[in-house]
Every structure is written in structure tokens, then in C-alpha cells.
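> I have a structure here, written as C-alpha cells, and I will follow up with some questions on it.
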Amino acid sequence: MDKLLRNKKAIIIFMAPAFLLFTFVLFIPICQSVYYSFCEYKGITAPVFIGLDNYKALMTDKALKYALKNSIFFLIFSCVSQLLMGLFLAAILTNIEKGRNLFKNIIYLPCVLSSAALGLLWMFIFSPKLGINQLLQKFNIEGPLWLMDTKGFIILPMWVIAFVALWQYVGQSMMLYMAQISGISKSLYEASYIDGCTRAKSFRYVTLPLIRPMVATAMSLNAIGSLKFFDLIFNMTEGGPNHKTEVLATHLYQQGFKYFKYGYASAIGVLLLIMCLVVTGFINKFVKSENYEM
Amino acid sequence: MKKFSFAKLLIYIFLLFMAVIYLAPLFWVFNVSFKTNAEIFTAPFALPQAPTMENFTFAWTAGKLGIATLNSFIVCAITLALSMMFGSMAAFAIGRLRWKFSKLAMTYFLVGMMIPVHCVMIPLFTRFAKVSLTNSLIGLVIPYLTFSLPVTIFIMAGFFEGMPNELIESACIDGATIYQIFFKICLPLAKTGLFVTGLMTFIANWNELLLAMVFISDDMKKTLPVSLSKFVGPYNTNYSQMFAAIIIAIIPTIIVYCAFSNQIVDGLTAGAVKG
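Sequence order for the protein chains is A and B. When the first sequence is numbered by numbering that gives the first Met the number 0, its final residue is 293 and no position is left out of the sequence of numbers. When the second sequence is numbered by numbering that gives the first Met the number 0, its final residue is 274 and no position is left out of the sequence of numbers.
Here it is as C-alpha cells:
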């Protein structure tokens, strides 16, 4: 049998399609992307090496400043809010019996829906004359311009988009935490009650430490997701008004496929990639802990 | 005897509130999509006076959502079949066959999960443009397939690793080749895994917007999210038609979700646990 499982030819045949696809569609393009980011490349002519000029241009690009600020805001907001809200929902849902599945499925529903469609939906809800403002009008309140206001450091549209993103994706974190919490053995809680823990205390001293590995996982998923974030913003504001709600992904799309500055867009892509790697590295270093025996 | 608990009551009130927040927007769109455009402003929250399907037929034909649904379906179905095939083959090699670099190969695929699609879009686009793979559905299938592989491989490898050794041993004694073992024994036994990964792949690709938008400019080849985003734009002023378009775009996933919510949720959890 050992010989059968060590069959070199079979291994190559089984691995080849996936491996080749991965190499040619993912890893080689990444290297190319890094190379393009050092080039002047407009699509029609061949790329010309210009060194760090694209990165220098990044420093002075005003829209990029907004994009970077919004992306970082988004990253922090979604990591924190998803952690708190996801944990809270998971904690109360694991504590009830009746209707647990129903509520779980309702909250998870938007995760599987197209964020392009949901973005449009929320765009209408927050549009000047429809949705929420219609509702507010009934009480004679004049609603703000939810998606066009530009006052403040983090402008109102960004908060709106951030909350919509929380609404859409919190189900995912909730599910992950619920799976982890329901894996904790009952006897640990019983032991903690015997030792005089209240419910809140046993959550703090039993549940929290035991789900810490999952916090790291869910958080890095959120972090990557929020850096990649494109669909909702593209359909809710398209980066407007005046680039104020741009994030890195929408800026990359604009520079690359509206103005065809491939080299410059690649530099934004490299920035995005580095941020993804740094953030996941950071989370894995500081949040992750070894798995306890449960 | 059950004790009435104030905390429980609070929890249920909160959960009902959450359910309203989650479902109300969907109901609102659904309701409005049956109205005429004028009714949206005169009676925004009432039920439609004379429910009309016209909005749907307009979005389906003139808005080209019909053809887009078909395109999406073709792309997703091909991607699904291929990713199940290639993914489980690689997963079998990693999880079951014995070779030095199997761990390394797994890491290679898992790193791919962290890479955002934006970073490879430009080189892929320029290369595909050269071999006229842009504006074709095959050109979409290739990157979709690649980005679906890591999660498929991860989940399926778990399934293959968990299979009892005796199974393969006995097949081996009966003289089966390694290919027969894979196709006739292991693959049928991993049906659940295939189903779960298949659902996830299908949903992820069905909703994908960015790549489809970049790669396809021909109206007849656009996928659902792209056609939807184009139809529902700042230049359209007929709200009820746009709302009908949104409903057309999300109804298929809602139906799939209602039918398979437990499997979808399980798959997600299994796929994410690796970190």
C-alpha cells in the first residue's frame, strides 16, 4: 500500500492542475504586479522602468490620502466592531434555546447576498429623498445628506458605509464565535460555578480565554476583508463626493481601469498587499495564543 | 417548572429588534418593486395599490438582467465543476498521498487565500487582453477557479485525512489502482465536503463584481452583479424598476440559502477555522 501512496506519477497528476493554475494565475501575476509598480505603463506601450517614481507620486496624491485614511478607519472599525458585536451576538445566541437557529440564520443572511446588490439597496435607503429620510419626514425631521456630507475628520458617509458593512458581515464573526463557544465542554462551566463564578465571570474567565484562537482567525478574516472592501463603496458612493469616500480598492480600480495608469495602480496594489500581510502578521503575533485542551 | 426570567425577555426583545434591522430593508425593496414609480413618493411605506410585474419584466429584458443571470449561471457552474475536480484532486494528494512536500504545498495554497484579487488584476487583464480572453466567459472562469481552489483544497484535505486507513488498504489488496481508489472510493465518500465547498464556491462567484467588471465590457456577456450595477445607476430615474432589478439579483441566493442554510453555515465555519 505504501508503494501505491508514494506513486510519484499519481502525485504529479493529482497536483498538476491546481498547482499550475495557482502559479500562473496568482503567483506570477503578483511578481509582475510588483515589477509594474516600478514602471511607467499606460497599457498601449510596453512598461518602461522608472524606479520609485510611482511610489513618490503616491505620497503627493490627495485622493490616495483620503483612500488610505478611509481604509485604515475601515480596518480598525471593522475589527473592533465585528469583534464586540460578533461576540455579543454569539454569547446571547448560545444562551437561548428557542429560536436560536432562526435568529442565527437571519443575521447570517446578508453574508451570502451580493454586496453589489446590497450596496445599491442601502444607497437607496440613505438617498436624499427615499428610505430613511422619508421615514424621518413623517416625524417632521429633515434628514441629513447621508452619503454626501463632507464635514468632520471621518465623514458621515464613511460611518454609514462602515455600519452597513458591519450589518452585512457581522454574521460571519458571530458564526465563528458560536462554533467555538459551543465546543467548550459544559463541565468547565460547572466547575467555574462551583468555584463561585457568576455567569458574567465565567464568560470572562472561561469563555474568553478559550475562544482566543478564534478571535485571531475571525479578526484576520475581517482585516483582509476590510482592506479588500470594494463592492459596497463602489455602489453606494463610487468614492465620491470628490474622492472623500475613496478606499484603496476603489482608488486602484479608478486609476487602473478608468485612467489606465497600470503602473501607478500596481503601486497601490502593492501597498494593499503589504498592508494585508502586515496586519495578518500583527494579529497572529499579538492575538493568537496556543489552543487549550477543551 | 420554568421560571420567568427578565433577562431572557430582554434578550428576545433585542433579537427581535435585530431581526427587524436585518429584514426590514429587504422587505422594503421587495414591497417597492411592485409599485409604480409615482407611488414611491406618494405612499412610500404602504402596500402597493395595484401590484405590477411590469418592473420585473422591464429589468429582465431591457435591463439585460435575464441574459446576465444566464451568464452568471454558466460561469458559476463551470467554475464549480472544475474547482471541485481540481480542488479535490490536489486535496487528495495533500491529505492522503505520501510525499515530502505535501505540507509545503498546503501552505502554498493557503497563502493564496490572503492575497487580494486586486493585486493580480492588472497583469491578468493585460495578459488576457493579448490572447483575447477578456470579454469572454472563459476568461472569467480561470481567475474564479483559481481563487476558489484554496478553500476547496483546505476543506477536502480535511475530509480525506479523516478517512480510515483500512478502506484504502482493502481496496489496495483487491488490486485497485490509485486512480480507482480516488474516483470510486474516496471521492464518493467525501460527498458532504464536496457539497459544502460547492455551495460556498457558487455563492462567492455568483456575487463577484470587481473582476467581472474589469474583464467584461460586452453587454451580452456581463454577469449579474455587473449588469445590475450598470442598470441601477445615477442615470436611471425609474426607482421601482431598479428595485425590481435588485430583487432579481438577490432572489436566487435567498432561495439557495433558505434551502441549505445549515450546510452553508457549516462550510463557512470549517473553511475559516484554519486561519
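Where a beta carbon is used, it is the ideal one built from N, C-alpha and C, also for glycine.
1) Does residue 284 of chain A come within less than 8 Å of chain B when only Cβ atoms are used?
2) In terms of residues, what are the limits of the alpha helix (DSSP H) holding residue 53 of chain B?
3) Run the CB neighbour count on residue 119 of chain A, radius 10 Å, all protein chains shown included, and call it buried at 16 or more, exposed below.
4) Using a Cβ-Cβ cutoff of 9 Å, what residues of the region 206-237 of chain A are near chain B? List them in chain order.
5) How long is the line joining the alpha carbons of residue 147 of chain A and residue 30 of chain B, rounded to whole angstroms?
6) Beta-carbon of residue 275 of chain A versus every beta-carbon of chain B: anything under 8 Å?
7) Thinking just about the alpha-carbon of each residue, which of B:242, B:235, B:236 and B:210 is nearest to the one in residue 230 of chain A?
8) Do you know offhand how far residue 358 of chain A's Cα is from residue 173 of chain A's?
9) If we count Cβ pairs, one from each stretch, closer than 8 Å, do we get three or more for the region 235-242 of chain B versus the region 178-188 of chain B?
10) Given that a residue counts as buried once 16 or more other Cβ atoms are within 10 Å of its Cβ, and exposed if not, what is residue 149 of chain A?
11) How would you call residue 268 of chain A, buried or exposed, if buried means at least 16 neighbouring beta carbons within 10 angstroms?
12) Take residue 277 of chain A as the anchor and find which of A:265, A:243, A:219 and A:252 has the nearest alpha-carbon.
13) With a threshold of 8 Å between beta-carbons, can residue 136 of chain B be considered close to chain A, or not?
14) Roughly how many angstroms lie between the CA atoms of residue 22 of chain A and residue 57 of chain B, to the nearest whole one?
15) Can you determine whether any heavy atom of the ligand SAM sits closer than 7 Å to the C-beta of residue 26 of chain A, and answer yes or no?
16) Can you list the residues of chain A that residue 215 of chain B reaches, using a CB-CB cut of under 9 Å?
17) For residue 85 of chain B, tell me which candidate among B:168, B:215, B:143 and B:162 has the shortest Cα-Cα distance.
18) For residue 28 of chain B, which residues in chain A fall below 7 Å Cβ to Cβ?
19) Using CA atoms only, rank isn't needed, just tell me which of B:105, B:32 and B:74 is closest to residue 208 of chain B.
20) In angstroms with no decimal places, state the Cα-to-Cα distance between residue 50 of chain B and residue 246 of chain B.
21) What does residue 206 of chain B reach in chain A if we use C-beta pairs closer than 9 Å?
22) Spell out whether any CB of chain A is found under 8 Å from the CB atom of residue 88 of chain B.
23) Fully enclosed by the region 60-145 of chain B, which alpha helix (DSSP H) runs are 4 residues long or longer?
24) Excluding the 5 residues preceding and the 5 following residue 205 of chain A in the sequence, name in chain order all residues of the same chain whose CB lies nearer than 8 Å to its CB.
25) Spell out a yes or no on whether the region 208-224 of chain A and the region 89-105 of chain B are touching, meaning 3 or more CB-CB pairs, one atom from each, closer than 8 Å.
26) I'd like to know if residue 81 of chain A contacts chain B, where contact means its C-beta is closer than 8 Å to some C-beta of that chain.
27) Comparing C-alpha positions only, which one of B:258, B:129, B:69 and B:228 sits nearest to residue 113 of chain A?
28) Looking at the secondary structure, which residues open and close the alpha helix (DSSP H) in which residue 13 of chain B lies?
29) When we look at the beta-carbon of residue 111 of chain B and count the other beta-carbons within 10 Å, is it buried (16 or more) or exposed?
30) Ordered along the chain, which non-local residues of its own chain (more than five positions away) have a Cβ less than 6 Å from that of residue 265 of chain A?
31) Around the Cβ of residue 48 of chain B, are there at least 16 other Cβ atoms within 10 angstroms (buried) or fewer (exposed)?
A quick look at the data gives this:
1) no
2) 53-60
3) That one is buried.
4) 212, 213, 215, 216, 217, 219, 220, 223, 226, 227, 229, 230, 233, 234 and 237
5) 26 Å
6) yes
7) B:210
8) The shown model of chain A, from 0 to 293, leaves out residue 358 of chain A, and the question about it has no answer.
9) Proximity of the region 235-242 of chain B to the region 178-188 of chain B falls short of the contact definition, fewer than three beta-carbon pairs being nearer than 8 Å.
10) A residue is called buried when at least 16 other Cβ atoms come within 10 angstroms of its Cβ; residue 149 of chain A does not meet this threshold and is exposed.
11) buried
12) If we check each option's Cα against that of residue 277 of chain A, A:219 comes out closest.
13) no
14) 44 Å
15) You won't find the ligand SAM in this model; it holds no ligand whatsoever.
16) Ordered by position in chain A, no residue passes the 9 Å Cβ test against residue 215 of chain B, which lies about 12 Å from the chain.
17) B:143
18) 120
19) Distances from the CA of residue 208 of chain B to each of B:105, B:32 and B:74 were compared; the closest alpha carbon is that of B:74.
20) 15 Å
21) 111, 112, 113, 114, 115, 116 and 230, listed in chain order.
22) yes
23) 64-94, 101-113 and 117-129
24) 183, 187, 188, 191 and 196
25) no
26) no
27) B:228
28) 5-31
29) By the 10 Å Cβ count, residue 111 of chain B comes out buried.
30) Its chain contains 32, 35 and 36 as the residues whose beta carbon lies nearer than 6 Å to that of residue 265 of chain A, once the 5 sequence neighbours on both sides are disregarded; these appear in chain order.
31) Residue 48 of chain B should be labelled exposed.
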